[in-house]
Every structure is written in structure tokens, then in C-alpha cells.
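A.B. asks: Here it is, the structure, as C-alpha cells.
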Amino acid sequence: MADVASFALDHTAVHAPYIRRIAVETGPRGDAISNFDVRFVQPNAGEIPTAGLHTIEHVLASVLRDHLDGVIDISPFGCRTGFHLITWGEPAVTDVARAVRTGLTAIADEITWDDVPGVDAVSCGNYRDHSLHSAREWSKHILAQGISLDAFARVGV
Ligand code: ZN
């Protein structure tokens, strides 16, 4: 089976929350695509419940596109400790962290249920499984810990 860069990470060596650039790949026409590890919870020490993670996903899908150029996709890890962020080009980790902080701050302080995008049966594949309360509490918790610019050391927090 193919090697996967994400699985080569020593998950016992990191200090979440952090942003880490996993890889930059270049397509046949020269376009660069970056893959980021947006880690919110220390691996194997906890996980965000599915409903809260789902609501964080919906909000970040919109807010990140407002605050970071080239967003292609942000999707939760199956382990529920964070997200993959895929972008065009090579945005700086500091800029990714700023955009993610903006999204989590909005969830923590501002957003009401009416602001969460795409939470109906037409727009979402499991619209009943959302929790703004959980998303808000986890966002506060992540922001209080600070989002590091380095996976292995607490930088910029
Ligand atoms: Zn959904």
C-alpha cells in the first residue's frame, strides 16, 4: 500500500493545538497544492465529539475562505483530533493560524445557530448531527491553549 505522509508523523511527539504543513505537491502543470495538519486536540488524549466537530467544519469551511486565499477543502480527521486543510499555493503557517483563530473566535464569541452555514437536509449529509454548544466550548478550549506554529514545540502562542 502507498505511503501516506500523515501516517509518518510521530503522533506521540506533537504538542497540540498546532498548524503543520504536511506537504506541498506540484501538479503536472506546475500548480502547487499544500496540505496542512490543523490539529486541535492532543492525539490519543481526547477527541472532539462528532456533532461539535461537524459544526466546526461547517463554520471553518466558510470563514477560512473569507480569510485565506486558495482554500480547496477543510475536512475532519477520522480520529476527530483536527482537520486536513488543502489549499492552492503555499500559504504561510502564520496566515493559516490567523485564519483558523478567526474562525474559532467567531464560533466562541459571535456565531448563532442561524449563522452556521449549510445545516439543513438539502445542504448537509447528516444535518441532525450538529452541536453549536459543543463547537463553542471546544473552540474556547483550543483558543485558551493557543495554536502553535510548530507541531513539536509551542511557538507563537
Ligand atoms: Zn454537514
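Take 350 as the starting number for the sequence shown in the working numbering and just add one per residue.
Idealized CB from N, CA, C, for every residue including glycine.
On a predicted model such as this, the values are computed, not experimentally measured, just so you know.
What is the DSSP secondary structure of I435, counted as helix, strand or coil?
C.D. replies: Working through the sequence shown from its first residue, we reach residue 435 at position 86. Of the three classes helix, strand and coil, the one that applies to I435 here is strand, per DSSP.
A.B. asks: Run the CB neighbour count on D352, radius 10 Å, all protein chains shown included, and call it buried at 16 or more, exposed below.
C.D. replies: Here residue 352 corresponds to residue number 3 of the sequence shown, with the count starting at 1. So D352 counts as exposed.
A.B. asks: Under the assumption that H433 contacts N384 (Cβ atoms under 8 Å), give the Cβ distance between them as a whole number of angstroms.
C.D. replies: The residue given as residue 433 occupies position 84 in the sequence shown. The residue given as residue 384 occupies position 35 in the sequence shown. With 8 Å as the limit, H433 and N384 qualify as a contact, their Cβ atoms being about 6 Å apart.
A.B. asks: Applying the criterion that 16 or more other CB atoms from any shown protein chain within 10 Å of the CB defines a buried residue, is A441 buried or exposed?
C.D. replies: For the purposes of this step, residue 441 is identified with residue 92 of the sequence shown, where counting begins at 1. Exposed, by the Cβ-count rule.
A.B. asks: Can you give me the C-alpha to C-alpha distance between D464 and M350, rounded to a whole angstrom?
C.D. replies: The residue labelled residue 464 in the question sits at position 115 within the sequence shown. The residue labelled residue 350 in the question sits at position 1 within the sequence shown. When rounded, the distance between both Cα atoms is 42 Å.
A.B. asks: Just how far apart, CA to CA, sit R450 and R414?
C.D. replies: By 1-based counting over the sequence shown, the position of residue 450 is 101. By 1-based counting over the sequence shown, the position of residue 414 is 65. So the two alpha carbons sit approximately 13 Å from each other.
A.B. asks: Please look up how many angstroms separate the CB atoms of G452 and V408, rounded, as I've assumed it's under 8 Å.
C.D. replies: Here residue 452 refers to the residue found at position 103 of the sequence shown. Here residue 408 refers to the residue found at position 59 of the sequence shown. Contact flag correct, Cβ pair sits at about 6 Å.
A.B. asks: Tell me the DSSP bridge mates of A384?
C.D. replies: Numbered from 1 along the sequence shown, position 35 holds the residue referred to as residue 384. Checking the sequence shown, residue 384 turns out to be Asn, not Ala. In the DSSP output, where bridge partners are listed per residue, N384 has A372 and I435.
A.B. asks: Taking 7 Å as the limit between beta carbons, can you name the residues of its chain near V445, skipping five residues before and five after?
C.D. replies: If you number the sequence shown from 1, residue 445 lands on position 96. Same-chain partners within the cutoff: I368, F385, L417 and L434.
A.B. asks: Given 7 Å as the limit, tell me if H433 has its C-beta closer than that to any heavy atom belonging to ligand 1.
C.D. replies: Numbered from 1 along the sequence shown, position 84 holds the residue referred to as residue 433. The answer is no for H433.
A.B. asks: For the candidate residues H479, A502, T361 and K489, whose alpha-carbon lies nearest to that of P466?
C.D. replies: Translated into positions along the sequence shown, residue 466 becomes position 117. Ranking the options by Cα distance to P466, first place goes to H479.
A.B. asks: With DSSP collapsed to three states, give me the class of D422.
C.D. replies: Start at 1 with the first residue of the sequence shown, and residue 422 comes out as number 73. Three-state DSSP puts D422 in a strand.
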